[in-house]
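K.L.:
Below you'll find the structure I mean.
Protein chains: 2
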Amino acid sequence: ARPRVGYFYAGKSSNQLLGDYVRKLTVKEHKSVPVVCQEETSVYDAICTMFLEDVGTLFVVRNGGILTGVVSRKDLLKSTMGGQDLAQTPIGVIMTRMPNIVTCQLEDTLLEAATRLIYNQVDALPVVKESASGKGVEVVGRITKTTVTKVFVELGEDTPV
Amino acid sequence: ARPRVGYFYAGKSSNQLLGDYVRKLTVKEHKSVPVVCQEETSVYDAICTMFLEDVGTLFVVRNGGILTGVVSRKDLLKSTMGGQDLAQTPIGVIMTRMPNIVTCQLEDTLLEAATRLIYNQVDALPVVKESASGKGVEVVGRITKTTVTKVFVELGEDTPV
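Here it is in structure tokens:
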């Protein structure tokens with residue numbers, strides 16, 4: 008047999024290599040800071056928070072971090088069309104509520120999180136971990152389509168992601 | 008000199024390979040269909056179109072496709088907070104207007120488009136080409152953070168993107 012010289016790399020195609028590399032990226036390394044509000048926060052204040060913090064999704068928590076809901080820009084836009092008094096409506100009545108929230112964990116790969124974003128047609132996932140009290144999950148981060156787009160740009164720029 | 012056997016691949020690191028692959032993806036191959044409205048469309052109707060078509064950004068056109076503006080979910084949310092009559096306000100007064108619109112072209116790489124999404128902090132870019140009349144640019148597609156996230160998922164799944 009001839010020795011393999013030159014264009015072989017451990018028998019893997021460049022496509023497979025690419026996949027291997029992408030599959031090693033983790034949620035833990037790439038998550039950003041979550042922006043949260045309380046169930047009692049008014050829709051009006053939630054919209055202001057969203058603009059001030061410049062995020063597309065707010066996570067709703069109680070008791071210092073237990074996740075109870077998620078509100079997207081789309082949910083808020085819908086509620087502003089409803090003609091209610093936004094300053095009097097608590098975010099709790101329009102949010103998507105646990106357990107109907109798609110989440111991810113620190114140990115998940117970024118690929119798993121990205122797949123969930125696409126599959127569930129959402130813009131952001133809360134990164135959660137079991138709370139110390141055992142009652143529910145605590146929000147510790149945020150993975151969004153912006154996170155994934157940034158990583159894609161870094162891949163293309165040859166910078167370590 | 009010893010012959011190079013095994014773990015060498017044309018002298019490139021797997022990171023560089025990845026970059027090479029990512030840089031070959033084009034806007035033309037990955038763009039999706041643009042959703043458009045007219046300058047005279049009311050803010051109310053624009054919001055309905057956005058929900059019906061399930062997109063986060065509308066492109067505003069005149070004369071069968073010449074780009075004049077862009078409206079995001081964020082712009083619409085802001086306008087619903089202003090207390091105007093949404094059915095009476097034309098989208099033309101709240102849209103971001105040419106030439107202040109970040110665009111991309113069919114021949115651009117997806118990496119260039121993704122970089123512009125991040126750098127300019129927008130959710131979507133219109134894909135444009137010179138119009139036949141020479142007056143302005145025509146909208147022929149849409150590249151969004153969702154587009155890029157989908158491609159990222161395909162990279163990780165070893166499917167050709």
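In the order they appear, the protein sequences are chains A and B.
Residue numbering for the first sequence follows this note's numbering, beginning at 8 and increasing consecutively.
Residue numbering for the second sequence follows this note's numbering, beginning at 8 and increasing consecutively.
For each residue, glycine too, the CB sits at the ideal point set by N, CA and C.
Since the structure is predicted, the reported quantities are computational estimates derived from the model, not experimental observations.
1. Where DSSP assigns a beta bridge to Thr64(A), which residues make up the other side?
2. Give the residues from the segment 28-49 of chain B that approach chain A closer than 7 Å (Cβ to any Cβ), ordered along the chain.
3. Return the residue from the list Gln91(B), Gln112(B) and Ile101(B) that minimises the CA-CA distance to Lys136(B).
4. Give a yes or no on whether 8 Å exceeds the smallest Cβ distance from Gly76(B) to chain A.
5. Helix, strand or coil for Gly148(A) per DSSP?
6. With respect to 7 Å, is the separation between the Cβ of Leu25(B) and the closest non-hydrogen atom of the ligand FMN below this value?
7. Distance check for Lys152(A) and Gly26(A), CA to CA, integer angstroms please.
8. If the criterion is Cβ atoms closer than 8 Å, does the pair Val78(B) and Met105(B) meet it?
9. Buried or exposed, going by whether 16 or more other CB atoms sit within 10 Å of the CB of Leu59(A)?
10. Run down chain A in chain order and give the residues with a C-beta less than 7 Å from the C-beta of Lys81(B).
11. Between the segment 79-105 of chain B and chain A, which residues of the former have a C-beta closer than 7 Å to a C-beta of the latter?
12. Output yes if chain B places a C-beta closer than 8 Å to the C-beta of Val155(A); else output no.
13. Using a threshold of 8 Å, state whether the C-beta atoms of Arg69(B) and Glu36(B) are closer than that.
14. If you draw a straight line from the alpha carbon of Glu164(B) to that of Arg149(B), how long is it in whole angstroms?
15. At a Cβ threshold of 8 Å, is Glu164(B) touching chain A?
16. Counting C-beta neighbours from all protein chains within 10 Å, is the total for Gly76(A) 16 or more, i.e. buried, or is it exposed?
17. Shortest alpha-carbon distance to Asp92(B) belongs to which of Phe159(B), Asp52(B) and Gln23(B)?
18. Which bits of chain B does Ile150(A) rub up against, with CB to CB less than 7 Å?
19. Got a sec? Which residues, its chain only, sit under 6 Å from Leu83(A) by beta carbon, not counting five neighbours each side?
20. I'd like to know if Gly143(B) contacts chain A, where contact means its C-beta is closer than 8 Å to some C-beta of that chain.
21. Residues in the same chain with beta-carbon distance under 6 Å from Ile108(A), minus the five sequence neighbours each way, listed in chain order, please.
22. Can you tell me whether Asp61(B) is buried or exposed, with buried defined as 16 or more other CB within 10 angstroms of its CB?
23. Please check if any C-beta of chain B sits within less than 8 Å of the C-beta of Gly26(A).
24. Name the chain A residues whose beta carbon is nearer than 9 Å to that of Gln23(B)?
25. Cα separation between Glu161(A) and Gly90(A)?
P.N.:
On the basis of the supplied data:
1. Sequence index remark: in the first sequence, residue 64(A) carries index 57 (1-based). According to DSSP, which records beta bridges pairwise, Thr64(A) is partnered with Ser79(A).
2. Near chain A, meaning a CB-to-CB distance below 7 Å, the residues of the segment 28-49 of chain B are Tyr28, Val29 and Arg30.
3. Along the second sequence, one-based indexing puts residue 136(B) at 129. Nearest option by C-alpha distance: Gln112(B).
4. For the purposes of this step, residue 76(B) is identified with residue 69 of the second sequence, where counting begins at 1. False, the Cβ-Cβ gap to chain A never drops below 8 Å.
5. Locating residue 148(A) in the first sequence gives position 141, counting from the first residue. Strand at Gly148(A).
6. As far as ligands go, the structure on display features none, and thus does not contain the ligand FMN.
7. On the first sequence, residue 26(A) is found 19 positions in, with the first residue counted as 1. On the first sequence, residue 152(A) is found 145 positions in, with the first residue counted as 1. One alpha carbon belongs to Gly26(A), the other to Lys152(A), and they sit about 19 Å apart.
8. Taking the second sequence and counting its residues from 1, the one referred to as residue 78(B) is at position 71. Taking the second sequence and counting its residues from 1, the one referred to as residue 105(B) is at position 98. Against a cut-off of 8 Å, the Cβ pair of Met105(B) and Val78(B) comes out as no contact.
9. As a working mapping, residue 59(A) is identified with position 52 in the first sequence. For Leu59(A), the number of other beta carbons within 10 angstroms of its own is below 16, and it is reported as exposed.
10. Here residue 81(B) is taken as the residue at index 74 of the second sequence, counted from 1. Within chain A, Arg80 have C-beta atoms less than 7 Å from the C-beta of Lys81(B), given in sequence order.
11. For the segment 79-105 of chain B, the beta-carbon criterion of a distance under 7 Å to any beta-carbon of chain A is satisfied by Arg80, Lys81, Leu83, Leu84, Thr87 and Met88.
12. Mapped onto the first sequence, residue 155(A) falls at position 148. Contact with chain B is found for Val155(A), since one of that chain's Cβ atoms lies less than 8 Å from the residue's Cβ.
13. Here residue 69(B) corresponds to residue number 62 of the second sequence, with the count starting at 1. Here residue 36(B) corresponds to residue number 29 of the second sequence, with the count starting at 1. Their beta carbons are not under 8 Å apart, which means Arg69(B) does not touch Glu36(B) by this criterion.
14. What you label residue 164(B) is simply residue 157 of the second sequence in a count that begins at 1. What you label residue 149(B) is simply residue 142 of the second sequence in a count that begins at 1. Near 24 Å, if we compare the C-alpha coordinates of Arg149(B) and Glu164(B).
15. Indexing the second sequence from 1 puts residue 164(B) at position 157. Chain A, which has a Cβ nearer than 8 Å to the Cβ of Glu164(B), makes this yes.
16. In the first sequence, counting from the first residue as 1, residue 76(A) sits at position 69. Per the 10 Å Cβ criterion, buried.
17. Stepping through the second sequence from its first residue, residue 92(B) is reached at position 85. Residue Asp52(B) is the option with its Cα nearest to Asp92(B).
18. On the first sequence, residue 150(A) is found 143 positions in, with the first residue counted as 1. Annotation: Ile150(A) has no Cβ neighbours in chain B at a cutoff of 7 Å; minimum Cβ distance is about 10 Å.
19. Locating residue 83(A) in the first sequence gives position 76, counting from the first residue. Correct list, in chain order: Ile54.
20. Taking the second sequence and counting its residues from 1, one reaches residue 143(B) at position 136. Closer than 8 Å: no.
21. Position 101 of the first sequence, counting from 1, holds the residue named residue 108(A). Take Ile108(A), set aside five residues on each side of it, and the residues of its chain with a beta-carbon closer than 6 Å to its own are Val77, in chain order.
22. On the second sequence, residue 61(B) is found 54 positions in, with the first residue counted as 1. Exposure of Asp61(B) is indicated by the presence of fewer than 16 other C-beta atoms within 10 angstroms of its C-beta.
23. Mapped onto the first sequence, residue 26(A) falls at position 19. It does; some Cβ of chain B falls within 8 Å.
24. The count along the second sequence starts at 1 and reaches residue 23(B) at position 16. The contact set of Gln23(B) on chain A, defined by CB atoms closer than 9 Å, consists of Asp165 in chain order.
25. Taking the first sequence and counting its residues from 1, one reaches residue 161(A) at position 154. Taking the first sequence and counting its residues from 1, one reaches residue 90(A) at position 83. Distance between the alpha carbons of Glu161(A) and Gly90(A) is about 43 Å.
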